[in-house]
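Enquirer:
2 protein chains.
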Amino acid sequence: MVRAPLTRLDWQRGERLGALLRQARGDRSMPEVAAAAGLSAETLRKIETGRVPTPAFFTVAALATALDIPLDTLAEHCAEPAPVRQVPA
Amino acid sequence: MVRAPLTRLDWQRGERLGALLRQARGDRSMPEVAAAAGLSAETLRKIETGRVPTPAFFTVAALATALDIPLDTLAEHCAEPAPVRQVPA
DNA sequence: CATGACCGTGATACTAATACCGGTATAGTA
DNA sequence: TACTATACCGGTATTAGTATCACGGTCATG
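Protein chains in written order, with the numbering used here: chain P, 24 to 112; chain G, 24 to 112.
Below, the structure is given as structure tokens:
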């Protein structure tokens, strides 16, 4: 095995990352944010829709800068999908 | 042109990222940190030596977690190589 | 209706990231 | 010298990321 394909969990994590980025984008247009981050609108769309589950580090960093959200917050929310509703008290 | 090759600046940025990660690793062995981050030692070595300038986001995030350094600090130091010594006052 | 802007999907092309393998060099130890 | 461990380097194989293009859908505007 030279390079294992992405697992189901990788894809789910990518979906969470995309959802967070889309939420952070808010009302701003996709081409506008993509240009601010220095990537194409199609690529941003694929990231937001979770079709590119593991983008490059600096791509996410540029998006985080363009969207004004800290990288650590992004990583935390991706690692923790929805652990809530399971540990009430 | 379908996918532009990495520029010289991309490689320099990758070298800074690698230097930061190697510095953060300290005395810990390469295989130990790689295992903690969930990647192979070869990949970690390539990242540290700057031969893989743009690793995946979650790869860097896992390394940052394993090395206990915030992602934002990492991104900042990579973006700003050494702008000092040029703006004295 | 026509035009344009934005979003979505799919295909294509090319480079990059990751893992595995073998070889090499350098210390450290006996 | 030999042995061991670590790190560096090169090549190979496979998957993934990114850009571009093309088509379709929706909505606002003319």
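Glycine included, every Cβ here is placed at the ideal spot set by N, Cα and C. Quantities reported herein were computed from a predicted structural model and do not represent experimental measurements.
For the segment 49-78 of chain G, list every residue whose C-beta sits within 8 angstroms of some C-beta in chain P, in sequence order.
Expert: From the segment 49-78 of chain G, only T77, P78 have a Cβ closer than 8 angstroms to chain P.
Enquirer: In the segment 83-104 of chain P, which residues sit with their C-beta less than 7 angstroms from some C-beta in chain G, listed in chain order?
Expert: Cβ contacts with chain G come from V83, A84, P93, L94, D95, A98.
Enquirer: Closest by CA to G:R31, which one among G:G61, G:A85, G:T77, G:D50?
Expert: Out of G:G61, G:A85, G:T77, G:D50, G:T77 has the C-alpha closest to the C-alpha of G:R31.
Enquirer: Expressed to the nearest angstrom, what Euclidean distance is found between the alpha-carbon atoms of G:L97 and G:L43?
Expert: One C-alpha to the other measures close to 7 angstroms.
Enquirer: Verify the CB distance criterion: does G:R36 have a CB-CB separation below 8 angstroms to chain P?
Expert: With 8 angstroms as the cut-off, G:R36 counts as an interface residue toward chain P.
Enquirer: Consult DSSP for G:Q35 and reduce its assignment to one of helix, strand or coil.
Expert: It is helical.
Enquirer: My output table needs one value for G:A79: the three-state DSSP class, helix, strand or coil.
Expert: Correct three-state label for G:A79: strand.
Enquirer: Taking Cβ to Cβ, would you say G:V75 is nearer than 8 angstroms to G:G37?
Expert: Closer than 8 angstroms, so yes.
Enquirer: What is the C-beta distance between G:A89 and G:A60, in whole angstroms, given that I count them as a contact (C-beta under 8 angstroms)?
Expert: About 4 angstroms; that satisfies the 8 angstroms criterion.
Enquirer: What is the rounded straight-line gap between the Cα of G:P111 and the Cα of G:D95?
Expert: Residue placement at G:P111 is poorly supported in this model, since its pLDDT is 46, which falls under 50; the coordinates still yield a value, given next. One C-alpha to the other measures close to 25 angstroms.
Enquirer: Below 6 angstroms CB to CB, which residues in the same chain sit around G:I92 once its five sequence neighbours on both sides are set aside?
Expert: Only A47 meet the Cβ criterion.
Enquirer: Leaving out five residues before and five after G:H100 in sequence, what residues of the same chain have Cβ atoms less than 6 angstroms from its Cβ?
Expert: These residues qualify, in order along the chain: L43.
Enquirer: Residues in its own chain within less than 8 angstroms of P:D33 by CB, not counting five upstream and five downstream?
Expert: Excluding sequence neighbours, P:D33 sits near P76, T77.
Enquirer: Which of the three DSSP states is assigned to P:R48 in this structure?
Expert: Three-state DSSP puts P:R48 in a helix.
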